[in-house]
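For reference, the structure is listed below as structure tokens.
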Amino acid sequence: MYPPRHGLNGRAFRSCVGALGIIAGVLVSACTATGDTSAEIKGLGLFPPGPKQATANLKSKSNTNVYGIITFRQSGGKVGVAASVFNLSLGPHSIYIHDNGNCSSPNAASAGPVWQIAGAPPGAKRAGDLPELWTGSEGNAAMQATLTGLTVGDGKPTDIVGRAVVVHNTVVRDPKPEFGGVPNGWVACGVITQG
């Protein structure tokens, strides 16, 4: 005879995870009613704080209500990335690290082109390429991945700190900045800061 099993079965576990996601969404939605999302986004804490960690708080651009957070954490030669983005349209969205740590323009064009490490061979994968975000009907997206070839806060050419993350309203393979402040499909931007 086997002892009774304790804990959650697969269905119960998925229900708990789903409930936690709903609670997080409600809390974020309640906070955004104030209009200042910076404090509650910082509280999302996708990774515990650490010396090799950086965060970009994504703010709305191009007349949208998109916002979110992306956290990078280096461990050895790899960088873990976790993103949560809210109020996107249904479907896939490109997300890139851009050259300039500047999100001051209304359409995020001030972030410049997608980041490529100086001296990379022509046709090489860009350093700023991140996995796509996929949004469901509720308008929220999450992404986690492990990246190689990047560093956090070491000042090397591979360092992401001081650059910007831009979320695009669709899948865009080679986004070009459009200056002049016109809406361009660059829907959220955040500067990567260490800590």
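Per my numbering, the very first residue in the sequence shown carries number 90; after that it's consecutive. From the three backbone atoms N, C-alpha and C, an ideal C-beta is built for every residue, glycine too. All figures in this text were calculated on a predicted structure; none of them were measured in a lab.
S183 and V260 closer than 8 Å at C-beta: yes
Mind reading off the beta-carbon distance from A230 to L222? Whole number of angstroms is fine, and I expect it under 8 Å. 4 Å
Inter-stretch contact (C-beta, 8 Å, three-pair minimum) for the stretch 193-205 and the stretch 230-244: no
According to DSSP, is I112 part of a helix, a strand, or is it coil? In this prediction, I112 scores a pLDDT of 39, lower than 50, which makes its location untrustworthy; no coordinate-derived value is stated.
I think A253 touches G190, with their Cβ atoms under 8 Å apart; what is that distance to the nearest whole Å? 5 Å
Could you check how far apart the C-beta atoms of Q163 and G284 are, in whole angstroms? I think they sit under 8 Å. About 13 Å; that fails the 8 Å criterion.
Quick one: what's S151 bridged to in DSSP? Partner(s): none; S151 has no beta bridge.
From this set, A209, G225, G208 and L177, which residue's C-alpha is nearest V255's C-alpha? L177
Identity of the residues DSSP links to R162 by a beta bridge: Q142 and G169
Span of the beta strand (DSSP E) around G285: Coverage of the chain is limited to positions 90 through 284, which leaves residue 285 absent and any answer about it impossible.
Separation of I186 from P202, as counted between CA atoms: 9 Å
Below 8 Å between beta carbons: does that hold for L179 and G279? no
By alpha-carbon positions, which one of T224, L236, P246 and N152 ends up nearest to F161? L236
Among residues of its own chain, excluding the 5 on either side of G169, which ones have a beta-carbon nearer than 6 Å to its beta-carbon? R162 and T235
Let's test the definition: count the other Cβ atoms within 10 Å of the Cβ of T144 and tell me whether it reaches 16, buried, or not, exposed. buried
Coil, strand or helix - A209 by DSSP: coil
Can you tell me where the beta strand (DSSP E) holding L177 begins and where it ends? Per DSSP, L177 belongs to no beta strand (DSSP E) and is neither H nor E.
With a Cβ-Cβ cutoff of 8 Å, do P246 and I281 count as a contact? no
State the DSSP-derived secondary structure class of A197, mapped to helix, strand or coil. coil
Specify the secondary structure class of W223 as computed by DSSP and reduced to three states. strand
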